[in-house]
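Protein chains in written order, with the working numbering: chain A, 1 to 375; chain B, 1001 to 1375.
I have placed the structure first, in the form of C-alpha cells, so that the comments after it can refer back to it.
There are 2 protein chains.
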Amino acid sequence: MQYAKPLTAEDKLELEKLYEKIQSKTATVLGYPVAMDFDYSELYRFLKFPINNIGDPFIESTYGIGTREMEREVLDFFAELFRAEENEWWGYITNGGSEGNMYGLYLAREIFPKAMVYYSESTHYSVQKNLHLLDMPNIAIRTQENGEIDYNDLHDTIRMNRNMPVVVFANIGTTMTEARDDVKKIRDIFKDLAIHHCYIHADAALSGAYSPFVDPRPAFDFADGVDSIAVSGHKFLGSPIPCGIVLAKKTHRDRIANSVAYIGTADTTISGSRNGITPLFLWYTIKRYGIEGLKLRTEKCLQVAAYAMEELNKIGLHAWRNTNAITVVFSEINKSLQLKWQLASDNGNTHLICMPGISKERIDLLIKDILGTKN
Amino acid sequence: MQYAKPLTAEDKLELEKLYEKIQSKTATVLGYPVAMDFDYSELYRFLKFPINNIGDPFIESTYGIGTREMEREVLDFFAELFRAEENEWWGYITNGGSEGNMYGLYLAREIFPKAMVYYSESTHYSVQKNLHLLDMPNIAIRTQENGEIDYNDLHDTIRMNRNMPVVVFANIGTTMTEARDDVKKIRDIFKDLAIHHCYIHADAALSGAYSPFVDPRPAFDFADGVDSIAVSGHKFLGSPIPCGIVLAKKTHRDRIANSVAYIGTADTTISGSRNGITPLFLWYTIKRYGIEGLKLRTEKCLQVAAYAMEELNKIGLHAWRNTNAITVVFSEINKSLQLKWQLASDNGNTHLICMPGISKERIDLLIKDILGTKN
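This is the structure:
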C-alpha cells in the first residue's frame, strides 16, 4: 500500500469500538438465521489477491485470478443434494438469497414473458422488490395458519387466470414461521388445471441447506418439480459475507444465453464481476462437514429447537414450530428483550431461530431474561 | 465448527494448487483493472462474525452485526469527492460496478418509465444485460476513434426521439481505451434540444476513483450534472472481493422509496442482505490513503502509463492513450503473450492498464517478452 499511512489512534479506536459492538451483538443473536460457528482462518491468506470469478463459472476467463474450480465443486455438491438430473443443471454462487431469487424469476420471465407470478403473503419483502424491478405482474396468495401457502386459494386464483402461463414462487422456509410450501401439491394444481406453461422457483434461502436431511423429506427440489432453486450460504452453512447458490435446469439457462447472445457475451450471471472468496468458504464448508457432518448439524439444531419450544411453553408462552423446523414461534415478548436478542416479531408473535452456534445455554439465558422481566 | 473434520490431504493439496495458481497469475496481470497492492490483514479478525449490512445503510436495523457506521463514512467521502450537494445525496456499497449501474438505470426507469436509453458502442456488455433485465428500450451511439461517445450522433439520435424522456448512460473510462464521455457536453445537447425530462448515469467503475485527481478534471460528477454515479471498489482502490459504490441524488432515491413503500419496506437497495466486510475494506483504504495518498497513487499510475507508452512505441507498437488515462492501447500482440499477461484485445489492438501495484519492472518484462517472441 504505497503512499498509505498507518491508521491514526482515533481510527484505531473507532475500529476497536466496532469490533466490540460486533462481538457483543454476536453473543446475543437469536432471531436471525445466521450460523455463528464458522472458522475460515485457514483461508485468510487468499485475501491478499484480487480474486474475481468474472462471468459464467463454467466458461474459462482470460482473467486467471479466480476460484472457479472450487465454485464448480460447490455447485456440483448442491446439484446432487437437490437431485438435479446429471449434466442437466447450471448455476453460480451469488451474493445472497435475493440475487438467486431474482435470477430464478428472471429465467421464468425470459421463458414466459406473459406469465402471472403467484407467491404466498408470507413471502419475504425482497421478492416483491424483485418483481417490481423485473416488471412481472403478480398476485399474493393467502397463507394457512402455519405460514404455508393456501393451496385452495392458489388453485382458485390460477383457475381464474388460466389464459396466462403460471410462475409460482415457492417458499422453502418462510421468514417468520419457517413454513415450507409443498412443490408436489403445487404441481398437482397445474395438472388439475391442465396448465402446461408453468415454472416453479424455490426460495430455499433459509431451509434449503438442511431440508435434504430431515425426515420426512419436504417436497422442494428438482426431483419434486422445481425449475430453479436459491439457497443462502451465510445462513445454515455460515459465512462472514452474504452469499448463496442458485441452480436451474440447464435448458432454462440456455434460453437466457440465447436472449443475451446478441450482446456478444456468454455471461448469463447477473453480477459480471463475482466474489471468489465466498465460493472458497463454501467449498471449505462442504469439504469439512461432508454429508455426514451436515446431517449431524441439522439434528443438533432440531434438538435445540425442540428444547427451546419446551422451555418457552413451560413459562406459558404458547410456543410452536412447523414439522422439522428450527424456528420457534411464541407469544410476543417485550420490546427491550426483542432488541437485546435481535428477535423479529409479527402479528403478536416473536420467533427465534436455532441456527448452528446457538446452544441450549443461550436459550436458557433468554428464558431467564423473560422471567426477570415478568417479575 | 462442530461435526467438522479437518481438510483431507487431498483437499489440502487442491487448496495449495489453487493458491499457487492465484499467486502466479497475480504476478502477470497487466490487462485487468485491479489494484494489487492492498493489505487488509489488520481486518481479518472481523471475518469470524456473521456480518451483514442488511438493507438501507442510513436506516438502523434490528440486526446489530454490521458495519453501517463505516459504510456511511465511505459514502460520505465519495459524495464529497464527486461534489454531491450536502445532504442531498444517498448511496450504498454494492457488490461491484454492475450492480451500481443497474441501480442507476433502475432509478432512471422509475422516474421516467417511458424513457429511451442512449449509450455509446464502447459501453461494457453488462449494461445491455442490465437494460434487458430492466426491459428499457435503448439505442447504441457511435464512438469516436478514442472510444468517447460521438456527440453529433448522440445529438442527432436524441433529436429524432424528442418525444421520449432521455436517459444517457455515460462512460467515465471505457473498458478498452479508458475514454471518458463529457457530461457537460451531454447536458449541452439536452439544452440545445430543450429536453427537460432527462437523466444521466455515470458508469465511473474504472476511472471514478482517480478522475477527481487529474488535471484538467474531467466532467463526470454531480457538479457537472450527473444524477447517479457508480464506481468500483476493487479496481483503483483495491479489494480481494468485488465491490463498488453507488451514489444518487436523494430526490431520485426517495422516488424509488415511494414506489416500493407499498411493499412495506424502506429498503431501496437491490441486494437486501449486504456485504459488511467490503465497506470495512474501503473504510480502511480511505483512512490510510486520505486524499493526499490517493493523489500520489494516481500520479504514480500515470507515470507508469507514460513509461509503458514510451517503451511500447520504442519497439514500434504504435502505443497511445487518452488524456490522463492509465490505459495504454497498442498494436495487437500474439495470443500466447496476451494469455500470459491476461491482456484483452479488440479490433487489432491490445490494451494494458497501469493499476496501482503495476511497476515499471513489470512493463519491462512484457517488453522483453514481446521482443523475445519477435526474434
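Glycine included, every Cβ here is placed at the ideal spot set by N, Cα and C.
These numbers were taken from a predicted model, which means no experiment stands behind them.
query: So, is the C-beta of N349(A) closer than 8 Å to a C-beta in chain B?
result: Stepping through the first sequence from its first residue, residue 349(A) is reached at position 349. No, N349(A) does not count as interfacial toward chain B.
message: Does the region 1110–1129 of chain B come into contact with the region 1186–1200 of chain B, if we say contact requires no fewer than three beta-carbon pairs (one atom in each stretch) closer than 8 Å?
response: Remark: three or more beta-carbon pairs, one from each stretch, lie closer than 8 Å, so the region 1110–1129 of chain B and the region 1186–1200 of chain B are flagged as touching.
query: Are D1254(B) and M1(A) closer than 8 Å when you measure CB to CB?
result: Mapped onto the second sequence, residue 1254(B) falls at position 254. Mapped onto the first sequence, residue 1(A) falls at position 1. Not closer than 8 Å, so no.
- request: Name, please, each residue of chain B whose Cβ falls closer than 7 Å to the Cβ of I111(A).
  value: Position 111 of the first sequence holds residue 111(A). Per Cβ cutoff of 7 Å: no residues; I111(A) is ~14 Å from chain B at best.
message: Tell me the DSSP secondary structure of F1082(B) in three-state form.
response: Residue 1082(B) sits at position 82 when you count from the first residue of the second sequence. DSSP places F1082(B) in coil when its eight states are reduced to three.
task: Report yes if the C-beta of Y119(A) is less than 7 Å from at least one heavy atom of the ligand FAD; otherwise report no.
output: Annotation note on the ligand FAD: not contained in the displayed structure, which lists no ligands.
- prompt: What residues in the region 1182–1194 of chain B have a beta carbon less than 7 Å from any beta carbon of chain A?
  reply: Answer set for the region 1182–1194 of chain B: empty.
message: Among the candidates N1130(B), Y1063(B), L1015(B), whose CA atom is the shortest distance from the CA of I1270(B)?
response: On the second sequence, residue 1270(B) is found 270 positions in, with the first residue counted as 1. When each option's Cα is compared against that of I1270(B), the closest is N1130(B).
task: Compare the C-alpha of S1345(B) against each of Y1284(B), N1052(B), S1331(B), M1355(B) and name the closest.
output: If you number the second sequence from 1, residue 1345(B) lands on position 345. Of Y1284(B), N1052(B), S1331(B), M1355(B), the residue nearest in Cα terms is S1331(B).
query: If you measure from the beta carbon of F330(A) to each beta carbon in chain B, is any gap under 8 Å?
result: Position 330 of the first sequence holds residue 330(A). No, no contact with chain B.
message: Quick check: what's the CA-CA separation for R1142(B) versus D1182(B)?
response: Within the second sequence, the letter at position 142 stands for residue 1142(B). Within the second sequence, the letter at position 182 stands for residue 1182(B). Going by the C-alpha atoms only, they are around 15 Å apart.
Contact set between H234(A) and chain B, taken where Cβ atoms lie within less than 8 Å: Numbered from 1 along the first sequence, position 234 holds the residue referred to as residue 234(A). Result: P1050, N1052, S1273.
field: Proximal residues to T1067(B) (C-beta, below 7 Å), its chain only, five neighbours per side dropped
entry: Here residue 1067(B) refers to the residue found at position 67 when the second sequence is read from its first residue. Apart from the 5 residues on each side of it in sequence, T1067(B) sits with its Cβ closer than 7 Å to the Cβ of I1051, N1053, G1276, P1279, L1280 in its chain, given in chain order.
task: Would you tell me roughly how many angstroms separate the C-alpha atoms of G1244(B) and E1310(B), rounded to the nearest one?
output: One-based indexing of the second sequence puts residue 1244(B) at position 244. One-based indexing of the second sequence puts residue 1310(B) at position 310. Rounded to the nearest angstrom, the gap between the Cα atoms of G1244(B) and E1310(B) is 32 Å.
query: In chain order, which continuous runs of the beta strand (DSSP E) of length 3 or greater are located wholly inside the region 1119–1175 of chain B?
result: You should have 1138–1141, 1166–1171.
Beta strand (DSSP E) runs wholly inside the region 1193–1268 of chain B, at least 3 long, in chain order: Taking only runs of at least 3 residues, the beta strand (DSSP E) segments lying wholly in the region 1193–1268 of chain B are 1198–1203, 1228–1232, 1244–1249.
field: Residues within the region 1144–1169 of chain B neighbouring chain A, beta-carbon criterion of under 8 Å
entry: Interface annotation for the region 1144–1169 of chain B against chain A: empty, criterion Cβ-Cβ distance under 8 Å.
message: Suppose you measure from the CA of V246(A) to the CA of I1370(B); what does that come to, to the nearest Å?
response: Counting from one through the first sequence, the residue named residue 246(A) turns up at place 246. Counting from one through the second sequence, the residue named residue 1370(B) turns up at place 370. In this model, V246(A) and I1370(B) are separated by some 43 Å (Cα to Cα).
Residues near V214(A) in its chain [Cβ-Cβ closer than 7 Å; skip 5 each side]: As a first step, residue 214(A) is located in the first sequence; it is residue number 214 there, counting from the start. Residues T298, N324 of the same chain have their beta carbon placed closer than 7 Å to that of V214(A), with the five preceding and five following residues left out of the count.
query: My guess is that H1201(B) and D1227(B) are in contact by the Cβ rule of under 8 Å, so how many angstroms apart are they, rounded?
result: Within the second sequence, the letter at position 201 stands for residue 1201(B). Within the second sequence, the letter at position 227 stands for residue 1227(B). Indeed, because the Cβ distance is near 6 Å, the residues count as touching under 8 Å.
- request: Would you check if the region 288–303 of chain A and the region 84–91 of chain A touch, i.e. whether three or more CB-CB distances between them fall below 8 Å?
  value: Between the region 84–91 of chain A and the region 288–303 of chain A, the count of Cβ pairs shorter than 8 Å is below three; the stretches do not touch.
query: In whole angstroms, what separates the C-alpha of L1047(B) from that of E1080(B)?
result: The residue labelled residue 1047(B) in the question sits at position 47 within the second sequence. The residue labelled residue 1080(B) in the question sits at position 80 within the second sequence. C-alpha separation (whole angstroms): 30 Å.
task: Tell me, please, whether the CB atom of M1(A) is closer than 8 Å to any CB atom in chain B?
output: As a first step, residue 1(A) is located in the first sequence; it is residue number 1 there, counting from the start. Closer than 8 Å: yes.
field: Extent of the continuous alpha helix (DSSP H) run through N1052(B)
entry: Start at 1 with the first residue of the second sequence, and residue 1052(B) comes out as number 52. Here N1052(B) belongs to no alpha helix (DSSP H), and DSSP marks it neither H nor E.
query: Nearest chain B C-beta to V117(A) closer than 8 Å, yes or no?
result: Along the first sequence, read from residue 1 onward, the residue named residue 117(A) stands at position 117. So no, V117(A) is outside the interface.
- prompt: Helix, strand or coil: how does DSSP classify W1320(B) here?
  reply: Indexing the second sequence from 1 puts residue 1320(B) at position 320. In this structure, W1320(B) counts as strand in the three-state DSSP scheme.
query: For the beta strand (DSSP E) that S331(A) lies in, which residues bound it at each end?
result: Walking along the first sequence from the start, residue 331(A) turns up at place 331. Per DSSP, the unbroken beta strand (DSSP E) holding S331(A) starts and ends at 327–331.
query: Which residue's Cα is closest to the Cα of Y40(A): A308(A), L366(A), G238(A), K335(A)?
result: Your numbering for residue 40(A) matches position 40 in the first sequence. The residue with the shortest Cα to Cα distance from Y40(A) is G238(A).
- request: Provide the residue(s) that pair with D1346(B) in DSSP beta bridges, ordered along the chain.
  value: Residue numbering aside, residue 1346(B) sits at position 346 when the second sequence is read from its first letter. Answer by DSSP bridge pairing, in chain order: N1349(B).
- prompt: Are A179(A) and S122(A) touching if we call contact CB-CB under 8 Å?
  reply: Here the question's residue 179(A) lines up with position 179 in the first sequence. Here the question's residue 122(A) lines up with position 122 in the first sequence. A179(A) places its beta carbon less than 8 Å from that of S122(A).
Proximal residues, the region 30–44 of chain A versus chain B, C-beta separation under 9 Å: Look at the region 30–44 of chain A: the residues with a C-beta under 9 Å from a C-beta of chain B are G31, Y32, V34, A35, M36, D37, F38, D39, Y40, S41, E42, L43, Y44.
- prompt: So, is A1027(B) buried or exposed, given that buried needs 16 or more other C-beta atoms within 10 angstroms?
  reply: Here residue 1027(B) is taken as the residue at index 27 of the second sequence, counted from 1. That one is exposed.
- prompt: Does the beta-carbon distance from M164(A) to N138(A) come in below 8 Å?
  reply: The residue you call residue 164(A) lines up with position 164 of the first sequence. The residue you call residue 138(A) lines up with position 138 of the first sequence. The answer is no: Cβ separation not under 8 Å.
query: Within the 8 Å Cβ cut-off, does G225(A) reach chain B?
result: By one-based count along the first sequence, residue 225(A) stands at place 225. G225(A) does not count as touching chain B.
- prompt: With a Cβ-Cβ cutoff of 8 Å, do L1302(B) and V1328(B) count as a contact?
  reply: What you label residue 1302(B) is simply residue 302 of the second sequence in a count that begins at 1. What you label residue 1328(B) is simply residue 328 of the second sequence in a count that begins at 1. No, the Cβ-Cβ distance between L1302(B) and V1328(B) is not below 8 Å.
field: chain B contact residues for P242(A), given Cβ-Cβ distances below 8 Å
entry: Reading the first sequence from its first residue, position 242 is the one you call residue 242(A). What P242(A) touches in chain B: N1052, S1271, S1273, R1274, N1275.
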